[in-house]
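Chemist: Going by this note's numbering, the residue at position 237 of the sequence shown is 237; the numbering climbs one at a time, nothing skipped. Each residue gets a CB set at the ideal place from its N, CA and C atoms; glycine is no exception. Provided herewith is a single structure, encoded as structure tokens, for subsequent inquiry.
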Amino acid sequence: MSSAPLKKVQGGRARGITGVGSPALESTPVIECAGALVWRVHDGALQVKLIHRPKYNDWSWPKGKVDLGETLAAAAVREVKEETGKYIVLGIALPGLQYITPEGELKRVHYWAARQVPKTEPSVVARPPVAPVNAAEVDRSEWCTVKEAAKRLSRAADKIPLTALVDAYDKGELDTHVVAIARHGKALARAQWNGPEATRPLTPLGVAQSEALVPVFAAFGISDVVSSVWARCAATTAPYV
1 MSSAPLKKVQ GGRARGITGV GSPALESTPV IECAGALVWR VHDGALQVKL
51 IHRPKYNDWS WPKGKVDLGE TLAAAAVREV KEETGKYIVL GIALPGLQYI
101 TPEGELKRVH YWAARQVPKT EPSVVARPPV APVNAAEVDR SEWCTVKEAA
151 KRLSRAADKI PLTALVDAYD KGELDTHVVA IARHGKALAR AQWNGPEATR
201 PLTPLGVAQS EALVPVFAAF GISDVVSSVW ARCAATTAPY V
């Protein structure tokens, strides 16, 4: 469920990014971002959703900065909701982008393919509330054909994940259903537990890990959960269930 490899789209060097003729920027601050290419098939044609930002007068994919302690997947679904007002679930990972901003910071953007879902989707219930769309930041979100989107996108690099999306669609690999496999959270050491192995519980860290899984499962639209009956396994999925 991790994001796809990142594409280098601008010069500079920081944490593995290299640009010809650019100075070394080993200590460049990194801004992690996440978003999605929301897609649908309408009248037999593949369509994607673009947003317009009035401040920059540009068309792009819905995306934004990852909050402290937030996973990339959870950030992607939150940002799409904030910028389009619609709920999504993530599908396959798409190529991300990384570049140096005019302010000299390294920005990494992680993308997924995603489908729009109603607010009654089971996984939506497990998500924290998201503020309504701020018209000062995003004043329009529109469905476009792939050809229209390629013309409207303000940055050429944004066509990289679009190309991957179309390729997956052509191969019949875009319409997916996620199966998430999670190991149980940190459990009490065997030497510290005198009861049956099946009842060995999670530690406080394990409980925190189980809570952290909730937005990840929700981001991928997990609707059915299967678990071992052993205490540490059932307790790991319990918060999401």
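Under 8 angstroms between C-beta atoms, does P5 make it to chain B?
Modeler: Looking at the structure shown, chain B is missing, and only one protein chain is on hand.
Chemist: If you scan the segment 71-123 from start to end, which runs of the alpha helix (DSSP H) of 4 or more residues do you find wholly inside it?
Modeler: Listed in chain order, they are 72-84.
Chemist: Would you kindly check if the distance between the Cβ of V41 and the Cβ of K49 is under 8 angstroms?
Modeler: No. Outside cutoff.
Chemist: Bridge partners for H52 per DSSP, in chain order?
Modeler: Bridge partners of H52: W59, R140.
Chemist: Assign V207 to one of three DSSP states: helix, strand, or coil.
Modeler: Reduced to three states, the DSSP call for V207 is helix.
Chemist: What residue range does the alpha helix (DSSP H) around I160 cover?
Modeler: Here the alpha helix (DSSP H) through I160 covers 159-170.
Chemist: Could you name the residues that DSSP lists as bridge partners for E32?
Modeler: According to DSSP, which records beta bridges pairwise, E32 is partnered with R108.
Chemist: Among the residues of its own chain, which have a CB less than 6 angstroms from the CB of V133, if the five just before and after it don't count?
Modeler: Hits under 6 angstroms: G85.
Chemist: Residues in the same chain with beta-carbon distance under 8 angstroms from P239, minus the five sequence neighbours each way, listed in chain order, please.
Modeler: Contacts found: S210, E211, L213, V214.
Chemist: Between A150, R190, F217, which lies nearest to R200 when the distance is taken from Cα to Cα?
Modeler: Minimum Cα distance to R200 is reached at R190.
Chemist: When the Cα atoms are used, what is the spatial distance from P95 to A219?
Modeler: Near 18 angstroms, if we compare the C-alpha coordinates of A219 and P95.
Chemist: How far does the alpha helix (DSSP H) with A189 in it reach, from first residue to last?
Modeler: Per DSSP, A189 belongs to no alpha helix (DSSP H) and is neither H nor E.
Chemist: Might you give, ordered along the chain, the residues of its own chain that have their beta carbon closer than 6 angstroms to the beta carbon of T18, omitting 5 neighbours on each side?
Modeler: Confidence is the limiting factor: at T18 the pLDDT is only 33, short of 50, which leaves the residue's position unreliable, though a coordinate-based value still follows. Excluding positions up to five away in sequence, the list is empty.
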